[in-house]
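J.: Below you will find the structure I want to go over with you.
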Amino acid sequence: MSFTRRHLMGIMAAVGLMTATAHTAAAEALVIGSYPSNPPFEYKTESGTFEGFEVDIATEVAKRLGMTTEISDLGFQALFAATSSKRIDVAISSITITKERLGSQSFTQPYYDADMGIASKKDASFAAEADLKGKIVGVLSGSTGDKWSKDNQEKLGITEIKGYNAQQDLLMDLTAGRVDAAVSDIPGMEYAFLKMKDLTVKVRIKTGEQYGLMMTKDHPLLEKANAAITEMKKDGTLAAIHKKWFGTEPPADSATVTELPIPTP
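Residues -25 to -1, 1 to 240 in mature numbering (1 follows the signal peptide of the UniProt record, and there is no 0) are what the sequence shown spells out, letter by letter.
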């Protein structure tokens, strides 16, 4: 078979096309930064891959944008510098949307309400904060749940507040009946309750804090990423991801299912 100049030009064109395609594919990766020790929102497996609630959200957003994902391991504070310097496109790590942060960062619409909750045994008759009257409440010492319980102890008639250094110890005492209720952040409790099936969150305590994807200020993909989250809320994908990681359906009025605007400063 003769090797002509035409063949050579054809091969060079093909190689050029392959190279261009490779560069395009590389450019189509959504670069994500994540703190690796924040289950169930994100954590690193033994094999070095990332999993978690927000990992699934970011991966699905990238998929709907026709992109792949590259997730890098960063400390929590380093995430803010990484988005500001455009080293990464997106940061995930249960980052609360605040007016202060919106001065230097952009956020998609929120997809999770970071509320606290009152947990008890499933057969306990808790339906409202007022039901803590005459009860022993367990909290993580120094936590927002600890502060809330102390601030409301007299008003609600809480008999005693017991502090714990580890959530596992708190929930074990709740199971054993040494405390009547636990006041703590809902995500951590619901994640634990996937295994401790005799316990459940009975009452939500609204904090007003919400999580979203944090992006470089005015990132060119902000609107598209936000639209993808809207679609995920409409078609039930976000609710399914919530059920997968927390074992419960998201509340009907929560940010997980309610379409919301892009936050502004």
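Backbone N, C-alpha and C fix where the C-beta goes; we use that ideal spot for every residue, glycine too. Just so we're clear, the structure is a prediction, and the values are computed from it rather than from any experiment.
Taking the continuous beta strand (DSSP E) assigned at GLU45, which residues delimit it?
T.: On the sequence shown, residue 45 is found 70 positions in, with the first residue counted as 1. Element bounds for GLU45: 43 to 48.
J.: Name the two residues that bound the continuous alpha helix (DSSP H) containing ARG76.
T.: In the sequence shown, the residue the question calls residue 76 occupies position 101. Here the alpha helix (DSSP H) through ARG76 covers 74 to 77.
J.: Would you call the CB atoms of VAL154 and GLY92 closer than 8 Å?
T.: Here residue 154 corresponds to residue number 179 of the sequence shown, with the count starting at 1. Here residue 92 corresponds to residue number 117 of the sequence shown, with the count starting at 1. No, the Cβ-Cβ distance between VAL154 and GLY92 is not below 8 Å.
J.: List the residues that DSSP assigns as beta-bridge partners of LYS19.
T.: For the purposes of this step, residue 19 is taken as the residue at position 44 of the sequence shown. LYS19 pairs with PHE25.
J.: I'd like to know whether the C-beta atoms of SER68 and LEU54 end up nearer to each other than 8 Å.
T.: As a first step, residue 68 must be located in the sequence shown, where it is residue number 93. As a first step, residue 54 must be located in the sequence shown, where it is residue number 79. In this structure, LEU54 lies closer than 8 Å to SER68 by Cβ.
J.: Just how far apart, CA to CA, sit VAL6 and SER47?
T.: Position 31 of the sequence shown, counting from 1, holds the residue named residue 6. Position 72 of the sequence shown, counting from 1, holds the residue named residue 47. Roughly 8 Å between the two C-alpha positions.
J.: So who's on the other strand from residue 241, going by DSSP bridges?
T.: Residue 241 is absent from the structure shown; the chain starts at -25 and stops at 240.
J.: Going along the chain, which residues of its own chain have a beta-carbon closer than 8 Å to the beta-carbon of THR43, five neighbours each way excluded?
T.: Counting from one through the sequence shown, the residue named residue 43 turns up at place 68. Answer for THR43: ALA(-1), GLU3, ALA4, LEU5 and ALA37, listed in chain order.
J.: Less than 8 Å between the C-beta atoms of GLU184 and THR71, yes or no?
T.: Along the sequence shown, read from residue 1 onward, the residue named residue 184 stands at position 209. Along the sequence shown, read from residue 1 onward, the residue named residue 71 stands at position 96. Contact: yes.
J.: Residues in its own chain within less than 8 Å of ILE237 by CB, not counting five upstream and five downstream?
T.: As a working mapping, residue 237 is identified with position 262 in the sequence shown. Only SER81, PHE82, THR83, GLN84, LEU197, GLU198 and ASN201 meet the Cβ criterion.
J.: Name the two residues that bound the continuous alpha helix (DSSP H) containing MET147.
T.: To locate residue 147, count along the sequence shown from 1; it is residue 172. Its alpha helix (DSSP H) spans residues 142 to 151.
J.: Can you name the residues that DSSP bridges to VAL30?
T.: Looking up residue 30 in the sequence shown gives position 55. In DSSP, VAL30 forms no bridge with anything.
J.: Since GLN128 sits in a beta bridge, which residues does DSSP pair it with?
T.: As a first step, residue 128 is located in the sequence shown; it is residue number 153 there, counting from the start. GLN128 pairs with nothing; no bridge assigned.
J.: Residues in its own chain within less than 7 Å of LEU235 by CB, not counting five upstream and five downstream?
T.: In the sequence shown, counting from the first residue as 1, residue 235 sits at position 260. These residues qualify, in order along the chain: GLN84 and PRO85.
J.: According to DSSP, simplified to helix, strand and coil, what is ALA105?
T.: Residue 105 sits at position 130 when you count from the first residue of the sequence shown. Of the three classes helix, strand and coil, the one that applies to ALA105 here is helix, per DSSP.
J.: So if DSSP puts THR191 in a beta bridge, which residue, or which two residues, is it bridged to?
T.: Reading the sequence shown from its first residue, position 216 is the one you call residue 191. Looking at the DSSP assignment, THR191 forms a beta bridge with GLN80.
J.: Three Cβ pairs or more, each shorter than 8 Å: is that satisfied between the stretch 124 to 142 and the stretch 210 to 219?
T.: These segments do not touch.
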